[in-house]
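Undergrad: In my numbering, the protein residues as written are 18 to 280. No residue lacks a Cβ here, since even glycine has one placed at the ideal position from N, Cα and C.
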């Protein structure tokens, strides 16, 4: 049932999170508790196990009626990393569900496009709609009763549609007409400016050195010119057994921004 799914998800989040949170000395005990509550809210609303309004009311009361000194920025950063990690684990698990269980699902999820929106159906029954203009998802009441495997199909397809649209928009920007030699000269100058930022960043953060990102320690793997939109590309590494953020790749546009992110 929806209630049992929510209880299982809450228990899994707390058990999984405790090991990693115990290694984050930057957070107080109360902040670690809030991290788990925010992560549980993120996961419950992503898989729509409980209504967003119901969960948000509980979380808001917890956050805004506490009297302790709390760094909410750090809380939300770690909570988002935790919920993203658990979400990936859940999705990988559901993809490996016994085929016998899948065969029990008589009605398959299918998708249709209507007036630019993407509609998800189970049989002839509408379950959810993706607004391709705003990227917002409207879920019908019966969506909440779907098995997680069916919800995953809808979530994954909607994510793919949004990713394809975003990539298409980026390609259109890249292929837009340029203003001949003058723009090429500007691009050459911008590339050289980016290279200067890379050199300065490498002096401050040598390859292989340890840096702090989102309250966690990483090894710096590379700093290079991304050759895209005057950005510098940074790649960080950890073993991701004890941390929530897995080998992030960052795109930044100034030394000041690099210093701020790696502070």
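1. Candidates 96, 48, 171, 177: which alpha carbon is nearest residue 146's?
2. In three-state terms, what does DSSP make of residue 28?
3. Buried or exposed, going by whether 16 or more other CB atoms sit within 10 Å of the CB of residue 183?
4. Can you tell me which residues form a DSSP beta bridge with residue 144?
5. Within 10 Å of its beta-carbon, does residue 266 have 16 or more other beta-carbons around it, so buried, or fewer, so exposed?
6. Tell me the DSSP secondary structure of residue 33 in three-state form.
7. Residue 148: which of 166, 230, 138, 179 sits nearest, CA to CA?
8. Indicate the three-state DSSP secondary structure (helix, strand or coil) for residue 161 in the structure shown.
9. Following a CB-centred definition, is residue 239 positioned closer than 6 Å to any heavy atom of the ligand HEM?
10. How about the segment 90-99 and the segment 129-137: do they share at least three Cβ pairs that are nearer than 8 Å?
11. Exposed or buried, what is residue 35 when buried is set at 16 or more other beta-carbons lying within 10 Å of its beta-carbon?
12. Going by DSSP, what residue range makes up the alpha helix (DSSP H) through residue 240?
13. Is the distance from the Cβ of residue 248 to the Cβ of residue 230 below 7 Å?
14. Residue 150 lies in the alpha helix (DSSP H); which residues open and close that run?
15. Hey, residue 128 and residue 174: beta-carbon distance below 7 Å or not?
16. Note down the Cα distance separating residue 25 from residue 42, rounded to an integer number of angstroms.
17. Do you know offhand how far residue 252's Cα is from residue 238's?
18. Just grab the DSSP bridge partners of residue 137 for me.
19. Which residue or residues does DSSP assign as beta-bridge partners of residue 39?
20. Can you tell me whether residue 222 is helix, strand or coil according to DSSP?
21. In angstroms, rounded to a whole number, what distance separates the CA positions of residue 70 and residue 176?
22. Quick one, are the C-beta atoms of residue 214 and residue 167 less than 7 Å apart?
23. Can you tell me which of the three DSSP states residue 245 falls into?
24. Helix, strand or coil for residue 44, going by three-state DSSP, please let me know.
25. What residue does the alpha helix (DSSP H) around residue 272 start on, and which one ends it?
TA: Taking the structure as given:
1. 171
2. helix
3. exposed
4. According to DSSP, which records beta bridges pairwise, residue 144 is partnered with nothing at all.
5. exposed
6. helix
7. 179
8. helix
9. Here there are no bound small molecules, and the ligand HEM is not part of this structure.
10. no
11. exposed
12. Careful: residue 240 lies outside any alpha helix (DSSP H), inside the beta strand (DSSP E) at 233-242.
13. no
14. No alpha helix (DSSP H) holds residue 150; DSSP gives it neither H nor E.
15. yes
16. 27 Å
17. 5 Å
18. 128, 145
19. Residue 39 pairs with nothing; no bridge assigned.
20. coil
21. Its pLDDT being 48, under 50, residue 70 is placed unreliably by the model, and nothing is read from it.
22. no
23. coil
24. coil
25. 272-278
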